[in-house]
Amino acid sequence: MEKTLHLTVEEQNADGVTLVGMRLDAFLAAETDMSRSAAVKLVESGRVLCNRKAAAKSLKMNIGDEVTVVLPEPVSCAALPENIPLDVVYEDGDLLVVNKPVGMVVHPAPGNETGTLVNALLYHCRGELSGSASLCVGGVIRPGIVHRIDKDTSGLLVVAKNDDAHAGLSAQLKGHHIDRIYAAVAVGNFRDEAGTVNAPIGRHPVKRQQMAVLPASDKTAREAVTHYTVLAHLGRYTYLRCQLETGRTHQIRVHMAHLGHPLLGDPLYGGDGTPFQAAHKSLFVGQCLHAGELTFTHPRTGEQMHFTAPMPDNMQRILQILTQEANA
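Numbers in this note's numbering are just positions in the sequence shown, counted from 1, shifted up by 24.
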């Protein structure tokens, strides 16, 4: 069944992004879960009206503009259940918390149609996953998925078993009420023992597989805030605790690279090719980043839930070697 969205242009949205003056396609991407390319397709197909009139994707938004979007019927996720072992940290009738291993993609995408977390969840939960059209992402229903972490990042994710739980958890995520704390190893030594990176993030203008810190004047940039604390100086590397205030794609990786300290082993943002990685190739399968702590409010009981997960063996070994070399 098709769904109609009614959006009103305000000066800024809840994320602090300036909406006035933004292109129509960028406005849709900022105010919904759809990508910029998906927004363009909707506009070009005639499914988007501005003030009850057909509009071009390049139309600039003015305060008070009324934008109407007719969304096509969401496509159900084509993923099939697969008997893939899961590290389930907690589970009840509404949700489960899993510790995702390095190398596992969260949901199917071109090039990764099988072996994903969604495939494993469909088997484990046997149909007990959220999946209504109102909770779809980019026109595709993602069963149970509330938030994501990168393929080569390990750690904790909360998964919804029903639509009420999904809606409640998504509201917490949007309101910045889910605490996500990561352990990371970065290249170089930090000048400050703690700090906050408050720098907007958007798609890299040239390298489209990457995200980047963009000027505040860029209408596609979204607010991104990361708090960090130095846990240990390890020679030419630094062990960090990073806490997300927002949750943009690749946020910690982009923010640390922006500071001049990309994550060790990160192939996208300049953290690979170090002498340490060259000497210990077998330990690396991507960036040294682990989502080790997760705190949220149970959407049904109101109970505060807090979970921790140990770092994967390879990252523990990397830290062990770095510590030994730093103390030698």
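Virtual Cβ for every residue (Gly too), placed ideally from N, Cα, C. Small disclaimer: the values here were computed from a predicted structure and weren't measured.
Subject >> Closest by C-alpha distance to Met329, when choosing among Lys124, Asp116, Glu90 >> reply: Comparing Cα positions, the closest option is Asp116.
Original post:
CB Phe51 to CB Val67, shorter than 8 Å?
Top reply: Judged by beta-carbon spacing, Val67 lies beyond the 8 Å limit of Phe51, meaning their Cβ atoms are not closer than that value.
Subject >> Limits of the alpha helix (DSSP H) - the one that Gln344 falls within >> reply: Note, Gln344: alpha helix (DSSP H), 337-351.
Original post:
Are Gly284 and Gly226 touching if we call contact CB-CB under 8 Å?
Top reply: Contact flag unset, no.
Subject >> Candidates Gly168, Ile205, Tyr206, Leu145: closest to Ser154 by CA position >> reply: Closest by alpha carbon: Gly168.
Subject >> Classification of Ser61 by the beta-carbon crowding that lies within 10 angstroms, buried from 16 upward >> reply: With fewer than 16 Cβ atoms within 10 Å of its Cβ, Ser61 is classed as exposed.
**OP:** With DSSP as the reference, label Gly151 as helix, strand or coil.
**Re:** If DSSP states are grouped into helix, strand and coil, Gly151 belongs with coil.
Original post:
What does a CB cutoff of less than 6 Å around Ala191 pick up in its chain, not counting 5 residues either side in sequence?
Top reply: If we look at Ala191 and ignore the five residues flanking it on each side, it has no Cβ neighbours.
**OP:** Could you tell me the distance, in whole angstroms, from the CA atom of Gly5 to the CA atom of Pro229?
**Re:** The structure shown does not extend to residue 5, since the chain is modelled only from 25 through 352, so no value can be given for it.
Original post:
Should the segment 317-336 be regarded as contacting the segment 300-308, the criterion being three or more beta carbon pairs within less than 8 Å?
Top reply: In short, these stretches do not touch, since the Cβ pair count stays below three.
**OP:** Could you tell me how far apart the beta carbons of Tyr261 and Val221 are, in whole angstroms, since I believe they sit closer than 8 Å?
**Re:** Not quite, the Cβ-Cβ distance comes to about 18 Å (not below 8 Å), so this is no contact.
Original post:
Which runs of the alpha helix (DSSP H) spanning at least 4 residues fall entirely within the segment 222-273, listed in chain order?
Top reply: Secondary structure within the segment 222-273: not one fully enclosed alpha helix (DSSP H) run of 4 or more consecutive residues is present.
**OP:** Count the CB pairs spanning the segment 238-248 and the segment 272-290 that are closer than 8 Å, and state whether there are at least three.
**Re:** The segment 238-248, when compared against the segment 272-290, does touch it at the 8 Å Cβ threshold.
Subject >> Alpha carbon of Ala79 to alpha carbon of Ala240, nearest angstrom >> reply: The straight-line gap from Cα to Cα measures roughly 26 Å.
**OP:** Taking Leu292 as the reference, give the member of Thr325, Met235, Ser59 with the closest Cα.
**Re:** For Leu292, the closest alpha carbon among the candidates Thr325, Met235, Ser59 is that of Met235.
Original post:
Does the beta-carbon of Val142 have 16 or more other beta-carbons within 10 angstroms, so that it is buried, or is it exposed?
Top reply: Buried, since its Cβ has 16 or more Cβ neighbours within 10 Å.
Subject >> Residue closest to Ser178, alpha-carbon to alpha-carbon, out of Ala350, Gln340, Gln348 >> reply: Taking only the C-alpha atoms, the option nearest Ser178 is Gln340.
**OP:** Answer yes or no: do Gly310 and Gly289 have a C-beta to C-beta separation smaller than 8 Å?
**Re:** Cβ atoms of Gly310 and Gly289: closer than 8 Å.
Original post:
Among all the DSSP beta bridges, which residues are the ones paired with Phe73?
Top reply: Residue identity check: residue 73 is Leu in the sequence provided, not Phe. Partner(s): Ala78, Thr92.
**OP:** Give the secondary structure of Phe320 by DSSP, where H, G and I count as helix, E and B as strand, and everything else as coil.
**Re:** DSSP, read as helix, strand or coil, puts Phe320 in strand.
Subject >> Distance, Lys84 Cα to Gly139 Cα >> reply: One Cα belongs to Gly139, the other to Lys84, and the distance between them is close to 42 Å.
**OP:** Please look up how many angstroms separate the CB atoms of Val41 and Ile87, rounded, as I've assumed it's under 8 Å.
**Re:** 14 Å between Cβ atoms; not a contact.
Subject >> Close beta carbons around Ala64, own chain, < 7 Å, minus the five adjacent residues each side >> reply: The sequence given here places Val at residue 64; Ala does not occur at that position. Cβ within range, chain order: Asp49, Lys81.
Subject >> Own chain residues within Cβ distance below 6 Å of Cys149, not counting five before or after >> reply: Apart from the 5 residues on each side of it in sequence, Cys149 has no Cβ closer than 6 Å to any other Cβ in its chain.
Subject >> Spatial neighbours of Ile205 in its chain, beta-carbon cut-off 6 Å, leaving aside the 5 residues before and after >> reply: Non-local beta-carbon contacts of Ile205 in its own chain, meaning distances under 6 Å to residues more than five positions away in sequence, involve Gln267, Glu317 in chain order.
Subject >> Between the CA atoms of Val170 and Cys74 - distance to the nearest angstrom >> reply: C-alpha separation (whole angstroms): 30 Å.
Subject >> Rounded separation between Ile173 and Val130 - CA only >> reply: Their backbone Cα atoms lie some 7 Å apart in a straight line.
Original post:
Leu120 and Val183 look like a contact to me (Cβ under 8 Å); what is the Cβ gap, rounded to whole Å?
Top reply: The C-beta distance from Leu120 to Val183 rounds to 5 Å, short enough to fall under 8 Å.
Subject >> Leu36 in three-state terms, based on DSSP >> reply: Contrary to the premise, residue 36 reads as Gln rather than Leu in this sequence. Judged by DSSP in its simplified three-state form, Gln36 adopts strand.
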